[in-house]
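Asker: Before I ask anything, here is the structure I am working with.
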Amino acid sequence: MLSVHGLETCYGSAQALFGVDLEVADGEVMALLGRNGAGKSTLLKSIIGLVHPAAGSIVFAGEEIAGDPTHRISRHGIGYVPEERRIFTGLSVAENLAVGRRPPGGSGAGWTAERIYELFPPLSAMRRRRGGAMSGGEQQMLAIARTLMGNPRMILLDEPSQGLAPRVVTALANALEGLKRQGMTVLLSEQNVRFAERLADRATVLETGQVRWVGTMAAFAADIEAQHDLLHV
Amino acid sequence: MSFVVVQALTGLADAASLFLVAVGLSLVFGVSRIVNFAHGSFYMLGAYAAYSASAAVGGGLLGFVAGAATATAALAGLGLVVEVGLLRRLYAAPELLQLVATFAVVLLVQDLALAVWGPEDLLLPRVPALSEPIIVLGHRLPLYDFVLIALGPLVLAGLWLLLSRTRWGILIRAATEDREMVAALGIDQRWLFTSVFCLGAALAGLGGAIHLPREPANLMMDLGIIAEAFVVVVVGGMGSMAGAYLAAVLIAELRAFGIVLFPEITLVLLFAVMAVILVVRPYGLLGRPDVAGPQPSSFDPHPASAARQGLRLAIVAGLVGLVAVPLFAGGFTLQVMSEIFIFALFAASLQFILGIGGMISFGHAAYFGLGAYGAALAVHHLNASMPLALIAAPLVGGLGALVYGWFCVRLSGVYMAMLTLAFAQITWSVAFQWYDFTGGDNGILGVWPAPWAASPSAFYYLSLAVVTIAIWLLRRISAAPFGFALRAGRDAGDRAEALGVDVRRQRWLAFSVAGAAAATGGGLYAFLKGSVFPDVLAIPMSVDGLVMVLLGGIDRALGPLVGAATFTGLKITISSATDLWRSLLGGIIIAVVLIFPRGILGTVGGQRRGGAK
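Residue numbers (the working numbering), protein chains in the order written: chain A, 136 to 368; chain B, 219 to 831.
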């Protein structure tokens, strides 16, 4: 579904990605692991077009999307949930969902606000609450929900468990497992291996802007040495 | 009691058009982060368009309605042209370039309006249906005042509905908060920007049209209203529509009562109220702290500012060359060159706060002008000698900068630009209106140099010496620890504060020093011209200074001199060849900005860091 080849991205004169390759199959949850500064967020931002890659190709569903404007990449069917969540703090929950709303491209019912509230029950009780008045976990749910409203074929999740209480992380993992069962393709950037392990089929590990390890999530989770080398855990 | 009610009603009616202009300005800024200088020009064009449309259908009530409709539609169309043709290319550019580019539109519109409608004031013939008197507590008020009083809240309510109840409105509010995220959700922002700009322009056009029955259309409406609209936006709180309405009412009421009760100090009153509000609520009455935060300056990427050896040699050689000029140049050339030196100092002082301080001033002419007036008034009222008058200039300008700066440095970015402009406009109004003291628009004549400096070559040497010393001092300050602290405050205010730098104080001092430096040039300018007119304080003068800085290069040691020479040369050449120098200047500005969309030096010196801010 998504294949990235030889991707190089720079911030001014500082290069952040050095020839990254990545393959994500349809319906697969791919974990993107690595320490702070490894280039995980930069890779996701390059895919969605918030930063423009200097070289390399990004093919999504058979089409080259590298260099396209962000809104067009999004319309191809890629949803992006940023690390900082970036919900619209002045808008209500329902309005946040409305901004993300986009009818499904092909057949199928598509996401509605009602289905979203089933997936994230806590949101249902706070439809009229301002985004700025929500807790971190609620904001994270809203950020994912808002992206789903656009009926993406794949979502990029940037460290969704970061900064959340353990109980909230569990609830989030449950919701994401629900999504996975529905066949959603996910590229999940994480530092929390245990969280990734619950969801991911395979893993790609980045270090200083290069791919160091690719394989099944189970194999990486079992490989204490690789975890120690690459993640320093 | 009845007097209070009647004045209050008049004020409310006055607030309507001011509100329409300010709220459009605020909406456009919220989404696109561009402060549209040309918004006042849209207002002016609205008034002219309404006048013509009304005349075309034979006046009367029908004419008025047709005029308002035409103005609204025509300005929405012009907004489309300006947004697609110019602004769309500028969204990634530094704020300063955006401001200057929209000012170029002001210049173009001025020439356009002059060419189409001529220099005379155009008064809409009386519309009997609108001037029908209504008796309020024994006073007669025209019906039209009540139409205007109702219009403000109606438009406010309409906009509120639009923004809270429509998908378009929700998207606009979302884009105001986080444009990137809106794009990541698959929304093409371009049409959002275009549509909101058209709406803003249409509101300004309508504002001009509804003001027409009260005052004639004239060529000074544009800068007059834009300065007031800036005050309204800053006082009301950027991005707050209700705040804009409150502030428009407040300003209009102050004027309505001030004109009757204290006609001489109306402006001072306005100033005092604005000052108090900004001290108590720095983000305005209903404003919230700027979500986008201070923008990192994209200027002056290299902190080292001490002149390199080669450059020093070039400067010394250049100075020797300049000293030799009077040996062969004629009087006219020397006068032009003296003027260039004076403007070089003006530009250098502006470059100092822009480049090193990261402060955008759109009212720097206030200090240049205060210097000129300080010197001229010292000669005129106190019979001061030229040296004394030249010392008075920086004192007056520096004091002005100290007072205005105290408020201005509390804000940053475009907020600061707006406030500096408003202060400059207030100063201009004082000079323009205070006949007894400043001579009003007749200016002050007979400010001639002392006999020893009267010859063109003597004045040339005087200017060269004063300007060289002043610029050298500015550069000395830039390279001193003070200059580095200033840069630290510019690039990372919070971190500089954490290191013990009193950022606001540094900025205040720098602003005052720049004001005094500009005023030194202003003092010389008064003696060069032998007279002073309110023009030296006006907005176009401030913009001239900005254009000089941009032309020369904002972080180049010789930038101010090169910029002043290029600009003055262009102006002399163009204005002797054609009356359309404003259009040509506007065209040049737009060309410069479009060819170097990241700033002239950004293009030469290095790329911006990745990602649209």
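No residue lacks a Cβ here, since even glycine has one placed at the ideal position from N, Cα and C.
Can you pull the chain B residues whose beta carbon is under 7 Å from the beta carbon of A/G225, in chain order?
Answerer: The count along the first sequence starts at 1 and reaches residue 225 of chain A at position 90. Those are R391, E395, listed as they occur along chain B.
Asker: For the beta strand (DSSP E) holding A/Y215, just list the boundary residues, first then last.
Answerer: Mapped onto the first sequence, residue 215 of chain A falls at position 80. From DSSP, the beta strand (DSSP E) with A/Y215 extends over 213-216.
Asker: Anything in chain A within Cβ reach of B/R385, meaning under 9 Å, just list it in chain order.
Answerer: The residue labelled residue 385 of chain B in the question sits at position 167 within the second sequence. In chain order: A233, V234, R236.
Asker: Short check: CB of B/A642 to CB of B/A736, under 8 Å?
Answerer: For the purposes of this step, residue 642 of chain B is taken as the residue at position 424 of the second sequence. For the purposes of this step, residue 736 of chain B is taken as the residue at position 518 of the second sequence. No, they are not a contact pair.
Asker: In chain order, what residues of the same chain have a beta carbon less than 8 Å from the beta carbon of B/L819, not counting five sequence neighbours either side?
Answerer: One-based indexing of the second sequence puts residue 819 of chain B at position 601. With a pLDDT of 47 at B/L819, under the threshold of 50, the modelled position of this residue cannot be trusted; read the value that follows with caution. F517, G771, I772, D773, R774, listed in sequence order.
Asker: Please say whether B/L637 and B/F650 have beta carbons closer to each other than 8 Å?
Answerer: Numbered from 1 along the second sequence, position 432 holds the residue referred to as residue 650 of chain B. Numbered from 1 along the second sequence, position 419 holds the residue referred to as residue 637 of chain B. Their beta carbons are not under 8 Å apart, which means B/F650 does not touch B/L637 by this criterion.
Asker: At 3 residues or longer, and completely inside the segment 168-193 of chain A: list those beta strand (DSSP E) runs for me, N to C.
Answerer: none
Asker: Quick check on DSSP: helix, strand or coil for B/G229?
Answerer: As a working mapping, residue 229 of chain B is identified with position 11 in the second sequence. Helix.
Asker: With distance defined between alpha-carbon atoms, name the residue in B/F570, B/N660, B/G592 nearest to B/G701.
Answerer: As a first step, residue 701 of chain B must be located in the second sequence, where it is residue number 483. Nearest of B/F570, B/N660, B/G592 to B/G701, Cα basis: B/F570.
Asker: For a quick check, are the C-beta atoms of A/I279 and A/M319 less than 8 Å apart?
Answerer: As a working note, residue 279 of chain A is residue 144 in the first sequence. As a working note, residue 319 of chain A is residue 184 in the first sequence. No.
Asker: Taking the alpha carbon of B/L361 as the point to measure from, which residue in B/V224, B/L595, B/L606 has its own alpha carbon closest?
Answerer: Taking the first residue of the second sequence as 1, we reach residue 361 of chain B at position 143. Among B/V224, B/L595, B/L606, the Cα nearest to that of B/L361 is on B/V224.
Asker: Which residues in chain B sit within 8 Å of A/T205, going by Cβ to Cβ distance?
Answerer: Position 70 of the first sequence, counted from the first residue, corresponds to residue 205 of chain A. Simply E398, A401, A402.
Asker: Less than 8 Å between the beta carbons of B/G612 and B/T412, yes or no?
Answerer: Taking the first residue of the second sequence as 1, we reach residue 612 of chain B at position 394. Taking the first residue of the second sequence as 1, we reach residue 412 of chain B at position 194. As written in the sequence, residue 612 of chain B is Pro, which differs from the Gly given in the question. Cβ atoms of B/P612 and B/T412: not closer than 8 Å.
Asker: Does DSSP put A/A353 in a helix, a strand or coil?
Answerer: Looking up residue 353 of chain A in the first sequence gives position 218. Note: A/A353 maps to helix in three-state DSSP.
Asker: Determine whether the beta carbon atoms of B/L317 and B/V253 lie at a separation below 8 Å.
Answerer: In the second sequence, residue 317 of chain B corresponds to position 99, counting from 1. In the second sequence, residue 253 of chain B corresponds to position 35, counting from 1. Taking 8 Å as the cut-off, the Cβ atoms of B/L317 and B/V253 count as close.
Asker: Excluding the 5 residues flanking A/V346 on each side, which residues of the same chain have their C-beta closer than 8 Å to its C-beta?
Answerer: In the first sequence, residue 346 of chain A corresponds to position 211, counting from 1. Result list for A/V346: V155, D156, L157, T339, V340, in chain order.
Asker: Of all the CB atoms in chain B, is at least one closer than 8 Å to the CB of A/S209?
Answerer: The residue given as residue 209 of chain A occupies position 74 in the first sequence. Among the CB atoms of chain B, one or more fall inside 8 Å of the CB of A/S209.
Asker: Buried or exposed: where does B/D440 fall if 16 or more other Cβ atoms within 10 Å of its Cβ makes it buried?
Answerer: To locate residue 440 of chain B, count along the second sequence from 1; it is residue 222. Burial call: buried.
Asker: Quick check on A/R265: does DSSP put it in helix, strand or coil?
Answerer: As a working mapping, residue 265 of chain A is identified with position 130 in the first sequence. Of the three classes helix, strand and coil, the one that applies to A/R265 here is strand, per DSSP.
Asker: Just the C-alpha distance for A/L322 and B/V811, rounded to the nearest angstrom, thanks.
Answerer: Reading the first sequence from its first residue, position 187 is the one you call residue 322 of chain A. Reading the second sequence from its first residue, position 593 is the one you call residue 811 of chain B. A straight-line Cα-Cα distance of about 41 Å links A/L322 and B/V811.
Asker: Using a Cβ distance threshold of 8 Å, determine whether the segment 751-761 of chain B contacts the segment 586-595 of chain B, with at least three qualifying pairs required.
Answerer: These segments touch.
Asker: Can you check which of these residues, A/T282, A/A196, A/R316, A/L167, is closest to A/N369 by C-alpha distance?
Answerer: Nothing can be reported for residue 369 of chain A: it is not among the residues displayed for chain A, which extend from 136 to 368.
Asker: Give me, in chain order, the residues of the same chain whose beta-carbon lies closer than 8 Å to that of B/I495; leave out the 5 immediate sequence neighbours on both sides.
Answerer: Mapped onto the second sequence, residue 495 of chain B falls at position 277. Excluding sequence neighbours, B/I495 sits near V453, G502, L503.
Asker: What does A/G344 reach in chain B if we use C-beta pairs closer than 7 Å?
Answerer: Taking the first residue of the first sequence as position 1, residue 344 of chain A is located at position 209. Taking a Cβ-Cβ cut-off of 7 Å, A/G344 has no neighbours in chain B, whose nearest Cβ is about 14 Å from it.
Asker: At a CB-CB cut-off below 7 Å, which residues of chain B make contact with A/G285?
Answerer: Taking the first sequence and counting its residues from 1, one reaches residue 285 of chain A at position 150. Residues of chain B passing the Cβ test: L403, G404.
Asker: Examine chain B for any beta-carbon lying closer than 8 Å to the beta-carbon of A/L185, and answer yes or no.
Answerer: For this step, residue 185 of chain A is matched to residue 50 along the first sequence. Yes - at least one Cβ of chain B is within 8 Å of the one on A/L185.
Asker: Do A/S176 and A/S296 count as a contact pair if the criterion is CB distance below 8 Å?
Answerer: One-based indexing of the first sequence puts residue 296 of chain A at position 161. One-based indexing of the first sequence puts residue 176 of chain A at position 41. No, these two residues do not count as a Cβ contact at 8 Å.
Asker: To the nearest angstrom, how far is the alpha carbon of B/P312 from that of B/V300?
Answerer: Taking the first residue of the second sequence as position 1, residue 312 of chain B is located at position 94. Taking the first residue of the second sequence as position 1, residue 300 of chain B is located at position 82. Distance between the alpha carbons of B/P312 and B/V300 is about 18 Å.
Asker: Which one of B/S250, B/A289, B/S220, B/Q328 has the shortest CA to CA distance from B/L305?
Answerer: Looking up residue 305 of chain B in the second sequence gives position 87. Considering only alpha carbons, the answer is B/S250.
Asker: For a test of the three-state rule: what should DSSP assign to B/P343, helix, strand or coil?
Answerer: Sequence index remark: in the second sequence, residue 343 of chain B carries index 125 (1-based). Here B/P343 carries a coil assignment [DSSP, helix/strand/coil].
Asker: With DSSP collapsed to three states, give me the class of A/L292.
Answerer: By one-based count along the first sequence, residue 292 of chain A stands at place 157. Three-state result, A/L292: strand.
Asker: Please classify B/W726 as buried or exposed, where buried requires at least 16 neighbouring CB atoms within 10 angstroms.
Answerer: The residue labelled residue 726 of chain B in the question sits at position 508 within the second sequence. Of the other Cβ atoms in all chains shown, 16 or more fall within 10 Å of the Cβ of B/W726; this residue is therefore buried.
Asker: Which of helix, strand or coil does DSSP assign to A/V155?
Answerer: Within the first sequence, numbered from 1, the residue matching residue 155 of chain A stands at position 20. Of the three classes helix, strand and coil, the one that applies to A/V155 here is strand, per DSSP.
Asker: Contact criterion: CB-CB distance below 8 Å. Does A/R221 meet it with respect to chain B?
Answerer: As a working mapping, residue 221 of chain A is identified with position 86 in the first sequence. So, interface residue.
Asker: Would B/Y269 be called buried (16 or more neighbouring beta carbons within 10 Å of its own) or exposed?
Answerer: Reading the second sequence from its first residue, position 51 is the one you call residue 269 of chain B. It counts as buried.
Asker: Examine chain A for any beta-carbon lying closer than 8 Å to the beta-carbon of B/I388, and answer yes or no.
Answerer: Counted from its first residue, the second sequence places residue 388 of chain B at position 170. B/I388 counts as touching chain A.
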